[in-house]
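Novice:
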Amino acid sequence: MQCLCCWIRGSALIGKCVACDAGKFKNAGNTDCSNPGVGRCVATAATGATSCSTSAASKSAIDCPAGTYSNDAGAVSIGCTTVPAGSCASMTGTVGDCINTAIKGAKFAALCASGTYSNPTTISSCQYKCMSGDYKWEWDPAFRNCNTCRRYNTEALCNDALVTSGVCGIACVNPGVGKCVAATAEATVCPNAAGAQAALSCPAGTYSNVSGAVTAGCLNPGVGRCVATAATGATSCSTSAASKSAIDCPAGTYSNVSGAVTAGCLGLGLGLGLVE
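When we follow my numbering, the leftmost residue of the sequence shown carries the number 1491, and every step to the right adds one.
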């Protein structure tokens, strides 16, 4: 083990030869083992390190890699933590206060703001993207056509690796028109709460025409109306999910439903007429 803390007085060795504990470091400018500081971790290499170390005898401190964070002011023995789904890297930890996913040195993970979501597939502002080639997924452009680089069987696995490796970070994004945000990928309702992890198609009979943060979730069309799959110009009702607009019931049909109009507008029976 390398001697990091030794003192010599004359020809006598005073003290012990001790490696810095895990989470601390000592470099040429320090006489004692030091904590790396908030937003940082320790590394085994004296210079040029890009990943955190959880071992003893670290020689430098580095900013937390992109997509990770640390708010530990003491010994960072577990390294920087990967930002979880439903969150983003942040300097403040305030809900929705995200930093660019390529920025290093994050101190907190902040919950995504209401109406937005994040998971390993929501990578943005990153120089690498998962691209398909030769029936495998790989990081493009840096690792394109690299015979020795690791490839992944699915896009999801490739995106997971981009995040967990600290190469890129996940970002809170808008779900898109016809969708809302959900607590998990398995959810069937839109809670509109902070920290959502998935985008969900609007349930049948509801719609959203919002391209930004969908803070109100999917909406009911109202009495005398139905939903439509087209964002504009629709003339017929839809009974499918992911509707993007609400329209008046077409001529000769009606709806007295104030909630989700899952059956669309209804035709008139024999002997019936329409009333205002």
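Glycine is no exception: its CB is placed at the ideal position from the N, C-alpha and C atoms.
For I1660, which residues does DSSP report across the bridge?
Specialist: I1613
Novice: For the alpha helix (DSSP H) that E1645 lies in, which residues bound it at each end?
Specialist: Segment 1645 to 1654, the alpha helix (DSSP H) holding E1645.
Novice: When DSSP labels each residue in this structure, what does Y1607 get in the three-state scheme?
Specialist: strand
Novice: By DSSP, does Y1559 sit in helix, in strand, or in coil?
Specialist: Three-state DSSP puts Y1559 in a strand.
Novice: Run through DSSP, which three-state label would V1671 get?
Specialist: Note: V1671 maps to strand in three-state DSSP.
Novice: Flag this pair as yes or no: are the beta carbons of C1570 and C1578 separated by less than 8 Å?
Specialist: no
Novice: Here's a check: name, in chain order, each residue in its chain whose Cβ is nearer than 7 Å to the Cβ of I1568, leaving out the five neighbours to either side.
Specialist: Result list for I1568: T1544, in chain order.
Novice: Go through its chain and collect everything with a Cβ distance to S1745's Cβ below 7 Å, but skip five positions before and after it.
Specialist: Result list for S1745: V1713, G1714, R1715, C1716, C1739, V1751, C1755, L1756, in chain order.
Novice: Pull up the distance between the alpha-carbon of G1668 and that of D1553, whole angstroms please.
Specialist: 39 Å
Novice: Please list the segments of the beta strand (DSSP E) lying wholly inside the region 1522 to 1605, counting only runs of 3 or more residues, in order along the chain.
Specialist: 1530 to 1533, 1550 to 1553, 1577 to 1580, 1598 to 1601
Novice: Sort A1736, A1741, S1655 by Cα distance to S1748 and report the nearest one.
Specialist: Closest option to S1748, Cα to Cα, is A1736.
Novice: Using three-state DSSP, classify K1811 as helix, strand or coil.
Specialist: Look at the range of the chain in this structure, 1491 to 1766, and you will see that residue 1811 is not part of it.
Novice: Given this structure, state the Cα-to-Cα distance separating A1731 from A1753, to the nearest angstrom.
Specialist: Between the C-alpha atoms of A1731 and A1753 there is a straight-line separation of about 12 Å.
Novice: Should N1656 go down as buried or exposed, given a rule of 16 or more other Cβ atoms within 10 Å for buried?
Specialist: Checking the sequence, you will find Gly at residue 1656 rather than Asn. If you draw a 10 Å sphere on the C-beta of G1656, you find 16 or more other C-beta atoms in it, and that means buried.
Novice: Look at the alpha carbon of A1502 and the alpha carbon of A1600, and state the distance between them as a whole number of angstroms.
Specialist: Confidence in A1502 is poor, its pLDDT being 42 and thus under 50, which makes the residue's placement unreliable; the coordinate value appears in the next sentence. For A1502 and A1600, the distance between alpha carbons rounds to 53 Å.
Novice: Just the C-alpha distance for K1619 and M1581, rounded to the nearest angstrom, thanks.
Specialist: 25 Å
Novice: For the region 1643 to 1652 against the region 1674 to 1682, are there 3 or more C-beta pairs whose distance is under 8 Å?
Specialist: no
Novice: Whose C-alpha, out of S1728, T1722, S1691, K1549, is nearest the C-alpha of K1516?
Specialist: K1549
Novice: Are S1615 and T1654 closer than 8 Å when you measure CB to CB?
Specialist: no
Novice: To the nearest whole angstrom, what separates the beta carbons of C1523 and C1510, a pair I think is in contact under 8 Å?
Specialist: 4 Å
Novice: May I have the straight-line CA-CA distance separating T1534 from P1610, to the nearest angstrom?
Specialist: About 28 Å.
Novice: For T1678, which of helix, strand or coil comes out of DSSP?
Specialist: If DSSP states are grouped into helix, strand and coil, T1678 belongs with coil.
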